[in-house]
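Student:
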Amino acid sequence: MNLVTIISSCLLALTATAALMADEQKPKEEVRKVATPVLKAVTGAEAKSLVTGENAPIVIDIRTAEEFKEGHIEGAQRIEFGTAGFKDELAKLDKSKAYLFHCRSGGRSNKSLPIWKELGFQKLYHLDSGIQGWKKAGGEVVEGQ
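Read in order, the letters of the sequence shown are residues 42 to 186 in my numbering.
1. Can you pull the DSSP bridge partners for Ile156?
2. How many Å lie between Ile101 and Tyr166 at the Cα?
3. Could you give the DSSP three-state label for Phe142: helix, strand or coil?
4. For Ser170, which residues of its own chain have a beta-carbon under 6 angstroms away from its beta-carbon, when the five flanking residues on both sides are left out?
5. Pick out whichever of Ile120, Leu80 and Glu107 has its Cα sitting closest to the Cα of Ser133.
6. Entirely within the region 80-132 and at least 4 residues each: give me those alpha helix (DSSP H) ranges in chain order.
7. What span of residues does the alpha helix (DSSP H) with Lys177 cover, start to end?
8. Using a 10 Å radius around the Cβ and a threshold of 16 neighbouring Cβ atoms, would you call Lys89 buried or exposed?
9. Could you compute how far the alpha carbon of Leu154 sits from the alpha carbon of Lys81?
10. Are the CB atoms of Ala125 and Pro98 nearer to each other than 8 angstroms?
11. In its own chain, which residues sit with a C-beta less than 6 angstroms from the C-beta of Leu160, not counting the 5 before and 5 after it?
12. Just to confirm my understanding: we take Leu61, look at its own chain, exclude 5 residues before and 5 after, and list those with CB closer than 6 angstroms. What are they?
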């Protein structure tokens, strides 16, 4: 081996060691700030299993009052996306509980994701096909308030 190869190998080893040591010295608080809420996109069939199982998530329907009256998942709470109070209403919810949220077809609920994340929710299920996917999977809906 020539001298250049030996020096290059030593420099590479020192750089790798320094990078590993820097990662170990990061404060734990900084790591926590980077953590994101648990989010899982689910199908209508998966959502049906979730809401009927143990530790069922709280269902949040983000559609309009009219859409909700036409048919919603039994026990769902309605918090309308796109209104001035949407974020404030979400902020009142217990962030440590699990939530399944949806709209009609998945568009609005997908747009609401940054708000859920910003507020620090820990366990989220997004019904990515909305109430339409729920119905297609044989999920029952109730009408009215």
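Here a beta-carbon is modelled for each residue, glycine too, at the ideal position from N, C-alpha and C.
Computed from a prediction, not measured in an experiment: that's the story for all the values here.
Tutor: Taking the coordinates as given:
1. One-based indexing of the sequence shown puts residue 156 at position 115. In the DSSP assignment, Ile156 forms no beta bridge with any residue.
2. Position 60 of the sequence shown, counted from the start, is the residue given in the question as residue 101. Position 125 of the sequence shown, counted from the start, is the residue given in the question as residue 166. Between Ile101 and Tyr166, the alpha-carbon positions lie close to 10 angstroms from each other.
3. For this step, residue 142 is matched to residue 101 along the sequence shown. Phe142: strand per DSSP, three-state reduction.
4. Taking the first residue of the sequence shown as 1, we reach residue 170 at position 129. The beta carbon of Ser170 lies closer than 6 angstroms to those of Gly85 and Gly147 in the same chain, with the five residues before and after it left out.
5. Stepping through the sequence shown from its first residue, residue 133 is reached at position 92. Note on residue identity: the sequence assigns Lys, not Ser, to residue 133. The residue with the shortest Cα to Cα distance from Lys133 is Ile120.
6. 85-93, 106-111 and 127-132
7. Taking the first residue of the sequence shown as 1, we reach residue 177 at position 136. Where Lys177 is concerned, the enclosing alpha helix (DSSP H) stretches over Gly171 to Lys177.
8. Here the question's residue 89 lines up with position 48 in the sequence shown. Result: buried.
9. In the sequence shown, residue 154 corresponds to position 113, counting from 1. In the sequence shown, residue 81 corresponds to position 40, counting from 1. Answer to the nearest angstrom: the Cα atoms are 11 angstroms apart.
10. Within the sequence shown, numbered from 1, the residue matching residue 125 stands at position 84. Within the sequence shown, numbered from 1, the residue matching residue 98 stands at position 57. For Ala125 and Pro98, no; Cβs fall outside 8 angstroms.
11. If you number the sequence shown from 1, residue 160 lands on position 119. Same-chain partners within the cutoff: Leu131 and Ala132.
12. In the sequence shown, counting from the first residue as 1, residue 61 sits at position 20. For Leu61, the predicted model reports a pLDDT of 39, less than 50, meaning its position is unreliable; a value from the coordinates is still stated below. Same-chain partners within the cutoff: there are none.
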